[in-house]
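The structure appears right after this line, and notes come after that.
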Amino acid sequence: MKIGMIGLGKMGGNMVLRLKQGGHDVIGYDRSEEALTPLRGKGANVTSDMDAFVAALGRPGERAVWVMVPAGKITQSVIDDLADRLAPGDVIIDGGNSNFHDTQRRGEALAARGLHFVDVGTSGGVWGLTEGYGMMVGGPEAGVERLRPALETLAPSPDKGWGHMGPSGSGHYVKMVHNGIEYGMMQAYAEGFELMKAHQTFNLDMAQIAEVWRHGTVIRSWLLDLTAEALKNSADFDSLSDYVADSGEGRWTIIDSIELGVPTPVITLATQMRFRSQQEVSYSGQMLSAMRRAFGGHAVKTLEVPKQEGIVPEVQAGEHPKAAAPENIAASGKAGGTGSAAEQLGETGQQRTTSDEKARQ
């Protein structure tokens with residue numbers, strides 16, 4: 001099929017390449033020329049001219065545009081611009097990590113203009129180009145069926161790894177919960193390995209343990225596969241900050257659990273631990289230290305050198321996934337990237353649209 005892709009970062013750019021490899025007529029758009037260069041080198045049809053991009057999409061009423069940009073205001077501005085340029089019958093796809101409340105609102109607004117709006121919660125990261133993407137699809141049946149050829153190509157196989165979840169917002173909702181579960185799994189692995197590393201009596205080999213756990217155990221997973229690979233290659237974690245970004249989905253999962261009265265203690269605590277990692281200095285920790293000295297006269301530590309952090313840019317479209325491996329972080333510590341630090345860290349979707357904000361819109 002003919003399809004356009006807006007946003008050619010590590011996800012969108014690789015999706016363009018996978019669609020191209022699958023025989024689709026795909027054109028990509030990104031405002032950053034830096035994002036276009038590696039894709040042009042691989043023969044992809046890409047542009048930074050929005051007028052030329054829309055003109056290449058085909059006939060009005062038959063066009064499809066996949067939006068793969070950071071969640072929040074950026075997504076809204078792109079969708080607003082497309083809505084003014086497209087015609088009834090065209091399809092807009094949001095493949096990012098948007099809040100499902102925003103998706104429901106956008107679906108209603110675009111349906112009133114005769115446009116199909118499909119939300120696709122997309123998983124697969126930098127490995128999606130070679131392994132395929134897991135896709136949780138929401139939206140009207142007619143719009144989803146129009147996209148079936150592209151979805152079957154992007155998925156690990158035509159009949160596996162993707163499905164129509166339900167009406168508008170359902171795809172992003174299921175992806176939100178998926179990411180909440182991901183937070184919990186990652187936190188559990190990290191805590192377990194930290195505990196074993198701290199138990200110095202046994203002098204345990206973390207790489208050996210990860211490799212053993214990968215085969216036959218009940219906690220084997222793709223996350224563990226990636227961890228084992230990193231440990232086997234002697235990843236130097238000393239150069240890494242313990243700052244862990246959160247893109248918003250963990251927060252939204254917790255909010256929804258509160259609204260529905262469904263307990264999610266593991267996801268909640270895993271998300272809280274990410275918040276703690278983002279603090280340079282914990283005020284609560286400082287207060288505890290002061291109280292402990294006040295009542296017990298204990299010695300305390302003073303802050304001598306505040307934490308200094310840099311940012312290693314995100315992996316670019318077309319790069320081998322191993323460029324993201326921990327052992328390659330120091331080697332890839334280059335300047336650049338195709339967006340702000342918040343965009344590259346995936347932190348633009350943290351704000352939840354409240355009922356008051358909806359009313360003002």
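Heads up: the sequence shown begins at 1 in full-length UniProt numbering, then just goes up one per residue. Built from N, CA and C at the ideal position, the CB exists for glycine as well.
Inset, instruction - Give the DSSP-derived three-state secondary structure of T37 in the structure shown. - result: Translated into positions along the sequence shown, residue 37 becomes position 37. In this structure, T37 counts as helix in the three-state DSSP scheme.
Inset, instruction - In the DSSP assignment, find the alpha helix (DSSP H) that holds Y189 and state where it starts and stops. - result: Residue mapping note: residue 189 aligns to position 189 of the sequence shown, counting from 1. S170 to A198 is the span of the alpha helix (DSSP H), which, as asked, contains Y189.
Inset, instruction - Rounded to whole angstroms, what's the CA-CA distance from W276 to K2? Just pull it up for me. - result: Position 276 of the sequence shown holds residue 276. Position 2 of the sequence shown holds residue 2. One detail in the question is off: residue 276 reads as Arg in this sequence, not Trp. Between R276 and K2, the alpha-carbon positions lie close to 45 Å from each other.
Inset, instruction - Go ahead and label Q21 buried or exposed: buried means 16 or more other beta carbons lie within 10 angstroms of its beta carbon, across all protein chains shown. - result: Translated into the one-based positions of the sequence shown, residue 21 becomes position 21. Burial check for Q21: the Cβ neighbour count within 10 Å stays below 16, so the residue is exposed.
Legend entry - Selected residue, minimal CA-CA separation from D90, among P265, L151, R113 and S98: Indexing the sequence shown from 1 puts residue 90 at position 90. It is R113 whose Cα lies nearest to the Cα of D90.
Legend entry - Span separating the alpha-carbon of G12 from that of V126: Mapped onto the sequence shown, residue 12 falls at position 12. Mapped onto the sequence shown, residue 126 falls at position 126. If I take the Cα positions, the gap works out to 10 Å.
Inset, instruction - Could you give the DSSP three-state label for I267: helix, strand or coil? - result: Numbered from 1 along the sequence shown, position 267 holds the residue referred to as residue 267. Helix, per DSSP.
Inset, instruction - Mind checking who S157 pairs with in its DSSP beta bridge? - result: Locating residue 157 in the sequence shown gives position 157, where the first residue counts as 1. Within the DSSP bridge table, the entry for S157 names K160 as partners.
Inset, instruction - Within the same chain, show all residues whose beta-carbon is closer than 7 Å to that of A294, passing over the 5 residues directly before and after it, in chain order. - result: Here residue 294 corresponds to residue number 294 of the sequence shown, with the count starting at 1. Sequence-distant partners of A294 (beyond 5 residues in either direction) whose C-beta falls short of 7 Å from its own C-beta are missing from its chain.
Legend entry - Buried versus exposed call for M291 [16 or more other C-beta atoms within 10 Å across all chains shown]: Mapped onto the sequence shown, residue 291 falls at position 291. Classification for M291: exposed.
Inset, instruction - Classify Q316 as buried or exposed, calling it buried when 16 or more other Cβ atoms lie within 10 Å of its own Cβ. - result: Translated into the one-based positions of the sequence shown, residue 316 becomes position 316. The residue is buried, with at least 16 neighbouring Cβ atoms inside 10 Å.
Inset, instruction - Measure the alpha-carbon distance for L110 versus I79 and round it to whole angstroms. - result: In the sequence shown, the residue the question calls residue 110 occupies position 110. In the sequence shown, the residue the question calls residue 79 occupies position 79. Within the model, the alpha-carbon separation for L110 versus I79 is close to 9 Å.
Legend entry - D49 versus R31 - alpha carbon distance: Translated into positions along the sequence shown, residue 49 becomes position 49. Translated into positions along the sequence shown, residue 31 becomes position 31. Cα to Cα, the separation comes out at about 8 Å.
Legend entry - Bounding residues of the alpha helix (DSSP H) (the contiguous stretch that carries G12): In the sequence shown, the residue the question calls residue 12 occupies position 12. Element bounds for G12: G12 to Q21.
Legend entry - Residues of its chain near V244, where Cβ-Cβ distance is below 6 Å and the 5 sequence neighbours each way are ignored: The count along the sequence shown starts at 1 and reaches residue 244 at position 244. Non-local C-beta neighbours of V244 in its own chain, meaning closer than 6 Å and more than five positions away in sequence, comprise R274 and S277, ordered along the chain.
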